[in-house]
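Visitor: Protein chains in written order, with my numbering: chain A, 1 to 346; chain B, 347 to 692; chain C, 693 to 1038; chain D, 1039 to 1384. Could you have a look at this structure, given as structure tokens, before my questions?
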């Protein structure tokens, strides 16, 4: 069936598959000590223009968030996130499971505002009673956000400045980072992220890999014995090559960026197609996730022919749904979708 | 370089690679809700002769141990293991990280004895002070053990009987299960394991897969909302297909057993080759891991030409090393090894 | 100095002191296995009209909340609380430290509304994605709330009914329970609380004891091996007698209720005194905590002569402060306060 | 009934009671910010000859161990203890509950030997595989041990030297410290302990207080925001005065040492009494706990007239039991015991 349900519906980009085949019978050391991991790390550092970075490969997003946040925070600290942040809502309490509170502040179309962040930090430190409260020990952003929106360069720099002022590390969840970096009018680049953030991850699972996220510590601030922490969290892959080869491929000849750009182009066409047909958008997303408001009747009819994601109810009669493109989306998928939209009674 | 360093040195079995290629562009639901996962579960239940089993796919061994043990134990309980158990020694405290003690009892060539287990349980329950102690809440076995040894059917049944008597679940870590099941004279089968254990896992990572372990709950005893627990532990793969397709392939036409048998045949030849050349074994292993005692000089010379694993020091002049075969080992590897052994001055 | 800073400013009620002296050299079993603990439990069960209750004594409030909530919740569950709940704000993340999220819902003068609770639960269970979210596993109320306000009988019953409908246990934090039960027009009684709640605690520390909170499980629902859980949390007192004797004294001849009533009377006089002098209240509290809005100048002048607690800033020029009475407050304290208020330039 | 069951059978020393009475109605700040806590800290620092020490008061021993160990260790670290250490055996897994493994090494009459410790540390750091193992992050001693035995000055210094060599903090559990310091021929003093250890605690509960343990960080090494950590663990007493007043009293006019000495004298008499009557000792204890081997028949007869503690079975017919003296033991108790022993048929 036609599907825009998610950006993790297919396997891996064909170049990744090909490299897995070519390297398959090489006998390599385990646990990430193979040359492909080394090579991938090196390419990522170059792409980040951050030679002093330290790169680690983990398997999935929730695992990466819990491992990084758990390793950076002290026991008396929590992590500040927008109330719609993935760690706040949709990771089954993985952060709290590591013993830390997610300190929620307001979201604006999925984004945190530097001013809200500063208000929170100022209020905490001026509260006489703060020794009885969870200390803010990290700031978490997702970019793109859970609503497909993007921070601007200025916004990122402002948030980073607040973090520096309060001496609190900034962490960016880049599960869909490629789709953010390749958005049409963004002024945010990988080197800018490396400069603004203390640690972030470059998502592989949703951008062409079978699995894998590349964590980048940018300020010679890797937690001590982080490899053992990864092992302890059950996040250390015996065949680390699986991650190394995938990221090596993604960061060879800018594959990561090319396939992300393709997804964005598909998303822009999808957006125009819905606009042309007078559909309403929940918000204006420049990335690969498009949030459309459907009448429930229309939603039910559509559901029979194309897969998409339920997002949230607006009112009794309307629902927000998500259509996602990816590196794997084809023009033919869009054509089929538009034909379908045209054929359905409104 | 020639290598017998581990059974996770190569990628995946070629049939797995082929299935990944064939299915790559199918649009499938995430998080294990795809038909390949369903099919793989069904085949595993059949192989276990346990239709009421509940099967889950996780990514790696330490992760699986921490997730299963953490989910089954109550907070006041710990898990009993032989002192050489993988969870006791080599998982970086992953079990303790979930809040539970590993209660160590003596090991005999890597194995736990039913009598020691019963002594432990009897002593605990007859101790006036046991409310101040960690309650034994699970028994952990590895099969094959960390020393390549195997339980017999009788031993497994005895341990299982003690567990039943004390109403404590039995868990078997089958990271290398295939190599155990295909050992020459074993009387332990997959259905026997399913009958004796409350939960166990069938290792994929070390038996032909890129990654993946299949957890089997055998007694309609799956912990409540186990899917959410897996998510919370960061162990839920977005592209669950990667695990489903691999296990579906491994359990099609008995591939899992065939490739395991091959590894055993290679191990037997390797063993004979060492025996013939008058090497001494640390213990008699019927599986794919062979533990050989080397003079340190010999070890150093050998190391230059072939990779193997350091295991432990025996005395000032002798060391135990491990040679492992796998599904990927070739006769040519053995020939090269034997030539090497013959060419080295003793 | 004159002080209305808190209800834990003094030691223990003199009758408690006297009983500690009288029993001091008796040789008693440790860890709560002494006859005073037994007697206190029995009296509490009678006062609750809940003969099937199970009573435990812990040392302090945060400890009690973390121990009870941690013991009742499954790992995939969190606890629902009003956003101003003590566990949400002022326990330094003690709940998250046990691995569980505090799921915040709106507060209304410190209270949770049954409707908000039901909305939350309904939304959770109707969310397609709820397997990726923290399951609601308990509801937490404080009574009196952190703002001194009280639930009515009807409100408690409504919340209890929602909990029953969704099969989720209701827990009431009674750190200041005596002051709530003795409030002038409340229709909430100890037996009602025992009927509505699955577990609650009767606060001792703030109501006449040196330390100690009595946890009451009302529905034969004590978590298994709860004594060991208490030990594991470091909450089991070797000299359990210290708690048993105090609660035995508090529940002999209704001492707990008499001294609570005294505190309420003092609070009512304090309230009238402030009202008469045209002070503004932040909200109308029927209990021993009174929240007054002061101009900052006035606050600074007052601070030099009497101790009270900063609560929160209203605006640039105004601050909410708390005056608390307790079992130990004397009429003379009030007289001194009023003289002071009259003597200060407004 | 006559009882030598434990050293926590009575309430508090009468001087403590008296000070609690005298100070009872003083209005004091909560959470340890009162002048009695300050005074007690100051006296303890003086007694330790460690002016730069940082002192905290917690409520009980298991709580103190879990809080200190949990705060000092990094997540990838465990604590080394003798296999009979209190944290290894009798704290219901409180250390593991904080996420850390207790790394057990051999015990010799309850003590750890410097050589065993060094062997362990050397082996860990020379193991190629140590990144997959729990890092040793602290050494735990109890003094007196669980068997009443004592380290000598030389032994403590040796262990301390090993710790320094491997850069690992040394922690001493002094639940019964007074009884150790006042033993007849010990050369270990409080200043020596402060010099050798990075952190230790002076037990109050078993040495004259109702409750309370004084944690001393000796090397300006207090974990950051330790007050908040204490709060988070539920170990922060609202009426901190209860601990401050008790320790202030214990460290006024050397009360702590005088009452400890009395207990030792009583223990020596008890020991002689048993020796004279040809009883056999399990080991030679210089402190307030005496371990006697009884024939089971004798044990059963004795049990009817005097309370003592079961320790462990020796064989089918013999059992080790513990008789404990304390600050509260009277000569008359001993006389009664000896009369009893003389009157019983052997």
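Even glycine gets a Cβ: it sits at the ideal position worked out from N, Cα and C.
1. Do residue 999(C) and residue 695(C) have their C-beta atoms within less than 7 Å of each other?
2. How is the alpha helix (DSSP H) around residue 609(B) delimited, first residue to last?
3. What's the gap between the Cα of residue 713(C) and the Cα of residue 772(C)?
4. What distance in whole Å lies between the Cβ atoms of residue 1020(C) and residue 702(C), which are believed to be in contact at a cut-off of 8 Å?
5. With a threshold of 7 Å between beta-carbons, can residue 1002(C) be considered close to chain A, or not?
6. Is it true that the CB of residue 403(B) sits closer than 7 Å to the CB of residue 560(B)?
7. Quick one, are the C-beta atoms of residue 97(A) and residue 770(C) less than 7 Å apart?
8. What number of angstroms, rounded off, separates the C-alpha of residue 966(C) from the C-alpha of residue 978(C)?
9. Using a threshold of 7 Å, state whether the C-beta atoms of residue 1335(D) and residue 1078(D) are closer than that.
10. Pull up the CB-CB distance for residue 804(C) and residue 763(C), whole angstroms please, since I reckon it's below 8 Å.
11. Buried or exposed: which applies to residue 544(B), given that a residue is buried once 16 or more other Cβ atoms fall within 10 Å of its Cβ?
12. Starting from the Cα of residue 1377(D), find the closest Cα among 1352(D), 1329(D), 1357(D) and 1315(D) and give me that residue.
13. Select from 606(B), 537(B) and 493(B) the residue whose C-alpha is nearest the C-alpha of residue 549(B).
14. Indicate whether residue 700(C) and residue 897(C) have their beta-carbon atoms separated by less than 7 Å.
15. What is the rounded straight-line gap between the Cα of residue 132(A) and the Cα of residue 1266(D)?
16. Where does residue 1283(D) sit, in a helix, a strand or coil, going by DSSP?
17. Straight-line CA distance for residue 488(B) to residue 746(C)?
18. Starting from residue 731(C), trace the beta strand (DSSP E) both ways and give me its first and last residue.
19. Does residue 207(A) get closer than 7 Å to chain B when you measure Cβ to Cβ?
20. What are the start and end residues of the beta strand (DSSP E) that includes residue 1012(C)?
21. Quick check on this structure: which residue in 281(A), 14(A), 87(A) and 26(A) has the alpha carbon closest to the alpha carbon of residue 347(B)?
22. Going along the chain, which residues of the segment 64-95 of chain A sit with their C-beta nearer than 9 Å to a C-beta in chain D?
23. If I'm right that residue 925(C) touches residue 1272(D) with Cβ under 8 Å, what's the distance once you round it to whole angstroms?
24. Can you list, in chain order, the residues of its chain whose CB lies under 6 Å from that of residue 1318(D), leaving out five sequence neighbours each side?
25. When you compare the CB positions of residue 44(A) and residue 226(A), do they come within less than 7 Å of one another, or not?
26. Assuming residue 303(A) is part of the alpha helix (DSSP H), what are its boundary residues?
27. With 16 as the cutoff for other CB atoms within 10 Å, does residue 490(B) come out buried or exposed?
28. For the beta strand (DSSP E) holding residue 136(A), just list the boundary residues, first then last.
29. Just tell me which of 1356(D), 1211(D), 1306(D) and 1056(D) has its CA closest to the CA of residue 1100(D).
30. Quick one: what does DSSP say residue 9(A) is sitting in, helix, strand or coil?
31. Any residues in the segment 817-828 of chain C with a beta carbon nearer than 8 Å to a beta carbon of chain A? Which ones, in chain order?
32. At a Cβ threshold of 7 Å, is residue 392(B) touching chain C?
33. Please list, in chain order, all residues of the same chain as residue 657(B) whose beta carbon is under 8 Å from its beta carbon, the five residues on each side excluded.
34. Which of the three DSSP states, helix, strand or coil, is assigned to residue 977(C)?
35. Listing by chain order, which chain B residues have their CB less than 7 Å from the CB of residue 232(A)?
36. Let me see if you follow: with CB-CB separation under 7 Å, is residue 225(A) close to chain D or not?
Guide: Put simply:
1. yes
2. 601-622
3. One C-alpha to the other measures close to 42 Å.
4. 4 Å
5. yes
6. yes
7. no
8. 14 Å
9. Contact: no.
10. Not quite, the Cβ-Cβ distance comes to about 22 Å (not below 8 Å), so this is no contact.
11. buried
12. 1315(D)
13. 606(B)
14. yes
15. 6 Å
16. The answer is helix: DSSP assigns residue 1283(D) an H, G or I state.
17. 41 Å
18. First-last for residue 731(C): 727-739, but that is the alpha helix (DSSP H), not the beta strand (DSSP E).
19. no
20. 1010-1016
21. 26(A)
22. 70, 71, 74, 75, 76 and 77
23. 7 Å
24. 1331
25. no
26. 296-303
27. Flag for residue 490(B) reads buried.
28. 135-142
29. 1211(D)
30. coil
31. 820, 821, 823, 824, 825 and 826
32. For residue 392(B), the nearest beta carbon of chain C is not closer than 7 Å to its own beta carbon.
33. The residues are 628, 637, 665, 666, 667 and 668.
34. In the structure shown, residue 977(C) sits in coil (DSSP, three-state: anything other than H, G, I, E or B).
35. 438, 439, 440 and 443
36. yes
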